[in-house]
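**Q**
Number of protein chains: 4
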Amino acid sequence: MTQFSWPVRVYWEDTDGGGIVYYGNYLRFLERARTEWLRARGVSQGALRADAGIQFSVVSVNVSYRRPAQLDDALTVTCEPQADGRASVRFAQRIFRGEELLLDADVRVACLDAKTLRPKRLPEFVLEAAE
Amino acid sequence: MTQFSWPVRVYWEDTDGGGIVYYGNYLRFLERARTEWLRARGVSQGALRADAGIQFSVVSVNVSYRRPAQLDDALTVTCEPQADGRASVRFAQRIFRGEELLLDADVRVACLDAKTLRPKRLPEFVLEAAE
Amino acid sequence: MTQFSWPVRVYWEDTDGGGIVYYGNYLRFLERARTEWLRARGVSQGALRADAGIQFSVVSVNVSYRRPAQLDDALTVTCEPQADGRASVRFAQRIFRGEELLLDADVRVACLDAKTLRPKRLPEFVLEAAE
Amino acid sequence: MTQFSWPVRVYWEDTDGGGIVYYGNYLRFLERARTEWLRARGVSQGALRADAGIQFSVVSVNVSYRRPAQLDDALTVTCEPQADGRASVRFAQRIFRGEELLLDADVRVACLDAKTLRPKRLPEFVLEAAE
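Residue numbers (the working numbering), protein chains in the order written: chain A, 1 to 131; chain B, 1 to 131; chain C, 1 to 131; chain D, 1 to 131.
1) When Cβ atoms are compared, which residues of the region 8-40 of chain D fall closer than 7 Å to chain A?
2) Per the DSSP calculation, Val62(A) is bridged to which residue(s)?
3) For the beta strand (DSSP E) containing Trp12(B), name the first residue and the last one.
4) How about Val63(B) and Arg90(B): are their beta carbons less than 9 Å apart?
5) Between the Cα of Arg67(B) and those of Trp6(B), Pro81(B), Gly19(B), Gly85(B), spot the shortest distance and give me the residue it belongs to.
6) Note down the Cα distance separating Tyr132(C) from Asp104(C), rounded to an integer number of angstroms.
7) On the three-pair Cβ rule with 8 Å, is the region 114-127 of chain A touching the region 44-61 of chain B?
8) For Glu13(A), count the other beta carbons within 10 Å of its own beta carbon; 16 or more makes it buried, fewer makes it exposed. Which is it?
9) Beta-carbon of Val77(D) versus every beta-carbon of chain B: anything under 9 Å?
10) Between Thr15(B) and Gln70(B), what straight-line distance do the alpha-carbon atoms span, to the nearest angstrom?
11) Thinking Arg39(A) and Cys79(A) are a contact (beta carbons under 8 Å), I'd like their distance in whole angstroms, please.
12) Could I get the ranges of all uninterrupted alpha helix (DSSP H) runs contained in the region 45-89 of chain D, with 4 residues as the minimum, in chain order?
13) Should Glu31(B) go down as buried or exposed, given a rule of 16 or more other Cβ atoms within 10 Å for buried?
14) Report yes or no: is there a C-beta of chain B within less than 9 Å of the C-beta of Ser60(D)?
15) How far does the alpha helix (DSSP H) with Arg32(D) in it extend, from its first residue to its last?
16) Does the beta-carbon of Leu102(B), which I'm using as the reference point, lie nearer than 8 Å to any heavy atom of the ligand ZN?
17) What does the alpha-carbon distance come out to for the pair Ala129(B) and Ser88(D)?
18) Which of the three DSSP states is assigned to Leu101(D) in this structure?
19) Run down chain A in chain order and give the residues with a C-beta less than 8 Å from the C-beta of Ser140(C).
20) Using CA atoms only, rank isn't needed, just tell me which of Gln45(A), Gly17(A), Val8(A), Ser44(A) is closest to Phe29(A).
21) If the criterion is Cβ atoms closer than 9 Å, does the pair Asn25(B) and Gly24(D) meet it?
22) Mind checking whether Ser57(C) and Tyr65(A) have CB atoms under 9 Å apart?
23) Could you pull the start and end residues of the alpha helix (DSSP H) that Glu124(B) belongs to?
24) Using a cut-off of 7 Å between C-beta atoms, extract the partners of Gly46(C) located in chain B.
25) My output table needs one value for Arg118(D): the three-state DSSP class, helix, strand or coil.
26) Compare the Cα-Cα distances from Leu101(A) to each of Ser60(A), Asp73(A), Trp37(A) and report the closest residue.
27) My guess is that Leu75(B) and Leu27(D) are in contact by the Cβ rule of under 8 Å, so how many angstroms apart are they, rounded?
28) Distance check for Asp106(D) and Ala92(B), CA to CA, integer angstroms please.
29) Any C-beta of chain C sitting closer than 9 Å to the C-beta of Gln55(A)?
30) What's the gap between the Cα of Asp113(A) and the Cα of Ser44(A)?
31) If you compare alpha carbons, which of Ala47(A), Phe4(A), Gly98(A), Glu131(A) is closest to Gln82(A)?
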């Protein structure tokens, strides 16, 4: 199981009046990495919905903020899927600035039927990646 | 024609690393006032779409930034509709901190058929308010 | 210990293409309630920093998303401080739509010396509220 | 004078309940391109402030929304500086999806002394680029 990572640059829009990235905005960075993890497997969420009738929904988020990111920082966001039954998956995610760990997070995502919004079996490629 | 106004408080989420409200976030404040102007007329955008098959779309925005707003500021956002044909309306909008003008804006909004996305005649109450 | 609550309206800015509030944006709602909890005690964060040399920093966030909020929803955000030593405090927070629980969260906030960024004893009124 | 361009991917965070990019969020894309235009000249805004005592402030924004961007779109944001006196500069900016023009904007930015916040002569490299 290899670890996926995605680069994120910090812009003015991400910072707050404390001069650091606003605590809620790290969740954007985390989602970009999850979306790009999917895209790296050739899957867009729009296509998943249209073709497979699947949509993802975040069920829970646990975030530990260790050090703040600042304007102009070049960050790396990692994304490592972990097994969590057949209809949901956990992503262990971290944000680094160089070697320095800024944040780690555990994000649980459910797979839903796009019409009924009921739990649905994950696509096979996600189940395999999370094993 | 009376002027509508809506109060907005500045939170951390609205500010950027410069210690002032991020320039793009004022557009959120402007939209809250437009949405509340509609709601004050008993109209929600969800209902407009479901019942009248109408949706609004911003066509252009001209904003002059005069003075910056800061954390904890209590702002007032005004909203004054102005005639612009039958299928669009202009909102003259201002943001004040007390008596002090911080920003003025001209926002042009088109009325669209929610299905075809083609121009559609504005609801009567908007046309009357904009006269 | 009484529970503090703060009303939040959902606007277009808060929603995403799935038609519901974006998962990171609930953290904005949670912070508005914490800020207003302070303000209800006569304390602004600007004044805390200028007068007492104190600033707050979120250390961790655990959020359970139970049901999604939608455009135009009128939400209630609660905020209940809980003891967590002398230099940090936990806020148990919930978001409701009417009686319906949409989200609950546990937010741990550290009190820092604004100059040195080292842990600092919480203001007395916070310690008392969290007992 | 060559035109600078910067790629932007549309994520969930950028969209709203209408299924398209929220009108205020395009201003984020525009700023990323301006910031990267500076960075391509070897200049970070943090360094400008620390070394040259300069900060930039947006004075006005005129935006024409032509077509909406959607989730997963790969956009290109252009940035072309234009002369506007010695203490401010205009950026003509456009957002494309492939060959298709989605938005054009005129953004006027003032150069300020970071301490006094009074107008200050632009750095030479900006004046030259804007000629």
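Just so it is clear, CB atoms sit at the ideal spot from N, CA and C, and this is done for glycine as well.
**A** If we stick to the structure as given:
1) Cβ contacts with chain A: Tyr11, Trp12, Glu13, Arg28, Glu31, Arg32, Thr35.
2) Start at 1 with the first residue of the first sequence, and residue 62(A) comes out as number 62. Correcting the residue identity first, residue 62(A) is Asn in this sequence and not Val. Looking at the DSSP assignment, Asn62(A) forms a beta bridge with Asp106(A), Asn62(C).
3) If you number the second sequence from 1, residue 12(B) lands on position 12. It is not in any beta strand (DSSP E) - Trp12(B) carries neither H nor E in the DSSP assignment.
4) As a first step, residue 63(B) must be located in the second sequence, where it is residue number 63. As a first step, residue 90(B) must be located in the second sequence, where it is residue number 90. Against a cut-off of 9 Å, the Cβ pair of Arg90(B) and Val63(B) comes out as no contact.
5) As a working mapping, residue 67(B) is identified with position 67 in the second sequence. For Arg67(B), the closest C-alpha among the options Trp6(B), Pro81(B), Gly19(B), Gly85(B) is that of Gly19(B).
6) For residue 132(C) there is no data in the structure shown, the boundaries of chain C being 1 and 131.
7) Short answer: they don't touch.
8) Taking the first sequence and counting its residues from 1, the one referred to as residue 13(A) is at position 13. By the 10 Å Cβ count, Glu13(A) comes out buried.
9) Taking the fourth sequence and counting its residues from 1, one reaches residue 77(D) at position 77. Closer than 9 Å: no.
10) Translated into the one-based positions of the second sequence, residue 15(B) becomes position 15. Translated into the one-based positions of the second sequence, residue 70(B) becomes position 70. Those two C-alpha atoms are separated by around 7 Å.
11) By one-based count along the first sequence, residue 39(A) stands at place 39. By one-based count along the first sequence, residue 79(A) stands at place 79. The C-beta distance from Arg39(A) to Cys79(A) rounds to 11 Å, too long to meet the 8 Å contact threshold.
12) Counting only runs of at least 4 residues, the region 45-89 of chain D fully encloses the following alpha helix (DSSP H) elements, listed from N- to C-terminal order: 45-52.
13) Indexing the second sequence from 1 puts residue 31(B) at position 31. Answer is buried; the Cβ neighbour count reaches 16.
14) In the fourth sequence, the residue the question calls residue 60(D) occupies position 60. Judged by the 9 Å Cβ criterion, Ser60(D) is in contact with chain B.
15) The residue given as residue 32(D) occupies position 32 in the fourth sequence. Under the DSSP assignment, Arg32(D) falls in the alpha helix (DSSP H) whose first and last residues are 26-40.
16) Absent from the structure shown: the ligand ZN. Ligands present: none.
17) In the second sequence, the residue the question calls residue 129(B) occupies position 129. In the fourth sequence, the residue the question calls residue 88(D) occupies position 88. If you take the alpha carbons of Ala129(B) and Ser88(D), they lie about 38 Å apart.
18) Locating residue 101(D) in the fourth sequence gives position 101, where the first residue counts as 1. In the three-state reduction of the DSSP assignment, Leu101(D) falls in the strand class.
19) Residue numbering for chain C in the displayed model covers 1 to 131; residue 140(C) lies beyond these limits and cannot be assessed.
20) Within the first sequence, residue 29(A) is the residue found at index 29, counting from 1. The shortest Cα separation from Phe29(A) among Gln45(A), Gly17(A), Val8(A), Ser44(A) belongs to Val8(A).
21) Here residue 25(B) is taken as the residue at index 25 of the second sequence, counted from 1. Here residue 24(D) is taken as the residue at index 24 of the fourth sequence, counted from 1. One thing to note: Asn25(B) has its Cβ within 9 Å of the Cβ of Gly24(D).
22) To locate residue 57(C), count along the third sequence from 1; it is residue 57. To locate residue 65(A), count along the first sequence from 1; it is residue 65. Less than 9 Å separates the beta-carbon of Ser57(C) from that of Tyr65(A).
23) Sequence index remark: in the second sequence, residue 124(B) carries index 124 (1-based). Counting along the chain, the alpha helix (DSSP H) containing Glu124(B) begins and ends at 124-129.
24) For this step, residue 46(C) is matched to residue 46 along the third sequence. Within 7 Å Cβ-Cβ: Leu71, Asp72.
25) Sequence index remark: in the fourth sequence, residue 118(D) carries index 118 (1-based). Note: Arg118(D) maps to coil in three-state DSSP.
26) Within the first sequence, numbered from 1, the residue matching residue 101(A) stands at position 101. With respect to the C-alpha of Leu101(A), the residue from Ser60(A), Asp73(A), Trp37(A) having the closest C-alpha is Asp73(A).
27) Counting from one through the second sequence, the residue named residue 75(B) turns up at place 75. Counting from one through the fourth sequence, the residue named residue 27(D) turns up at place 27. Not a contact, Cβ separation roughly 18 Å.
28) In the second sequence, residue 92(B) corresponds to position 92, counting from 1. In the fourth sequence, residue 106(D) corresponds to position 106, counting from 1. Here the alpha carbons of Asp106(D) and Ala92(B) stand approximately 19 Å from one another.
29) Along the first sequence, one-based indexing puts residue 55(A) at 55. Answer yes: the Cβ-Cβ gap between Gln55(A) and chain C drops below 9 Å somewhere.
30) Position 113 of the first sequence holds residue 113(A). Position 44 of the first sequence holds residue 44(A). Distance between the alpha carbons of Asp113(A) and Ser44(A): 16 Å.
31) As a position in the first sequence, residue 82(A) is number 82, starting the count at 1. In this structure, Glu131(A) is the residue among Ala47(A), Phe4(A), Gly98(A), Glu131(A) with its C-alpha nearest to the C-alpha of Gln82(A).
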